[in-house]
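To start, the structure under review is shown below, and the notes come after it.
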Amino acid sequence: MFFHEKTYDIDELVRYNTHIHTHFSGCAKPEMQVNDIVKTAEEAGLKLIALTDHDTADKPNIVADFRKQILSELEESKVKVLVGAELSCCGIGKFVNDISCDEQMDYKLYTMNHFHVRFWDQPEDKTPRGFAVQMLKMAESVVDMRQADCFAHPFHAGYIHNFDDPHEVTRAYKDNELGDIMEKANNKQIAWELNTGAVMSDPEFYHRYFQIGKEVGCVFNIGTDAHRLCAVDSTQFAERLKEILY
Ligand SMILES: [Zn+2]
Ligand SMILES: [Zn+2]
26 MFFHEKTYDI
36 DELVRYNTHI
46 HTHFSGCAKP
56 EMQVNDIVKT
66 AEEAGLKLIA
76 LTDHDTADKP
86 NIVADFRKQI
96 LSELEESKVK
106 VLVGAELSCC
116 GIGKFVNDIS
126 CDEQMDYKLY
136 TMNHFHVRFW
146 DQPEDKTPRG
156 FAVQMLKMAE
166 SVVDMRQADC
176 FAHPFHAGYI
186 HNFDDPHEVT
196 RAYKDNELGD
206 IMEKANNKQI
216 AWELNTGAVM
226 SDPEFYHRYF
236 QIGKEVGCVF
246 NIGTDAHRLC
256 AVDSTQFAER
266 LKEILY
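Under the working numbering, the first residue of the sequence shown carries the number 26, and numbering increases by one thereafter.
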């Protein structure tokens with residue numbers, strides 16, 4: 026369980042990067058070897074990183090095998106390394122892995138919005154509002170059914186290819202709906218990700234999200250969703266994040 030002290034200081038938050046894929050994620054570059062990631066993080070002066078490989082419906086619980094392999098390779102370093110996973114909530118109350126698998130992870134980063142993936146449930150109502158409501162219900166099911174550490178790129182609509190402008194989906198969330206779910210998760214010590222790619226692709230929404238989260242008093246974790254070594258250093262995004270969020 027990783028739930029740090031509450032802070033809204035981006036310069037402090039960028040010292041943690043809690044969303045990094047190793048080569049075990051098919052979408053990551055072969056250069057994402059465990060100790061090369063750690064070395065890169067160490068050189069960037071990061072305090073803590075989380076390795077968060079993808080699960081898949083084709084091989085449920087495979088992330089437990091990844092974790093064992095990563096732990097066997099991991100060398101000593103100044104950076105604290107959490108060996109976790111990016112875990113799929115692929116429908117309302119639907120998960121890819123057994124709960125016992127997810128619970129082994131040092132960092133349980135749940136995602137509710139990989140709608141581009143074959144095994145993901147699509148909402149019946151395929152309007153922007155339909156997707157927004159679906160994601161809110163999925164997030165609620167994670168809060169109710171799993172002990173998550175954080176949500177990956179929450180509410181982000183970039184993986185929904187139904188609309189010319191995916192921002193229509195993020196505009197369809199109401200402030201009070203965001204506040205309610207963020208507060209509910211916060212009460213269970215679940216953090217909210219500031220996913221650098223998502224924030225930069227939808228500044229209007231993530232400014233709103235950050236302000237609501239601050240009001241509610243929730244904890245934010247920064248994740249760069251690194252698939253290559255050059256994205257491991259989260260401090261490179263500090264200025265851009267401040268412009269958008271503050
Ligand atoms: Zn993701
Ligand atoms: Zn990811």
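All C-beta atoms, glycine included, are put in the ideal place defined by N, C-alpha and C. The structure displayed is predicted, hence computed values, not measured ones.
- Query: Applying the criterion that 16 or more other CB atoms from any shown protein chain within 10 Å of the CB defines a buried residue, is glutamate 111 buried or exposed?
  - Reply: buried
- Query: Which runs of the alpha helix (DSSP H) spanning at least 4 residues fall entirely within the segment 94-180, listed in chain order?
  - Reply: 124-129, 153-170
- Message: Could you tell me the alpha carbon to alpha carbon distance between lysine 105 and lysine 72, rounded to whole angstroms?
- Response: 6 Å
- Message: Quick check on lysine 133 - is its C-beta less than 7 Å from some C-beta in chain C?
- Response: Structure shown: chain C not included; a single protein chain is present.
- Query: For ligand 1, any of its heavy atoms closer than 6 Å to the Cβ of isoleucine 136?
  - Reply: For clarity, residue 136 is threonine in the given sequence; the question names isoleucine instead. Yes, the Cβ of threonine 136 comes within 6 Å of a heavy atom of ligand 1.
- Query: Within 6 Å: the Cβ of alanine 177 and any heavy atom of ligand 1?
  - Reply: yes
- Query: Taking 6 Å as the line, does the beta carbon of alanine 110 fall inside it for any heavy atom of ligand 4?
  - Reply: Absent from the structure shown: ligand 4. Ligands present: ligand 1 and ligand 2.
- Task: Look up threonine 77 in the DSSP assignment and give the residues it is bridged to.
- Result: Gly109
- Message: In this structure, how does DSSP classify glutamate 30 when only helix, strand and coil are distinguished?
- Response: coil
- Message: How far does the beta strand (DSSP E) with phenylalanine 245 in it extend, from its first residue to its last?
- Response: 245-248
- Query: With respect to the beta strand (DSSP E) encompassing alanine 283, which residues constitute its N-terminal and C-terminal limits?
  - Reply: No information on residue 283 is available, as it lies outside the stretch 26 to 271 that the chain covers here.
- Task: Could you tell me whether the segment 204-219 touches the segment 237-252, using the rule of 3 or more Cβ pairs below 8 Å?
- Result: yes
- For threonine 43, which three-state DSSP category applies? strand
- Item | Continuous alpha helix (DSSP H) stretch holding asparagine 60: start and end | 59-68
- Task: Measure the alpha-carbon distance for histidine 29 versus lysine 84 and round it to whole angstroms.
- Result: 32 Å
- Message: Just to confirm my understanding: we take serine 166, look at its own chain, exclude 5 residues before and 5 after, and list those with CB closer than 6 Å. What are they?
- Response: Ile117, Gly118
- Message: Measuring straight from C-alpha to C-alpha, what distance separates asparagine 187 and lysine 103?
- Response: 44 Å
- Nearest candidate by alpha-carbon position, reference aspartate 200, set Tyr234, Lys213, Met130: Tyr234
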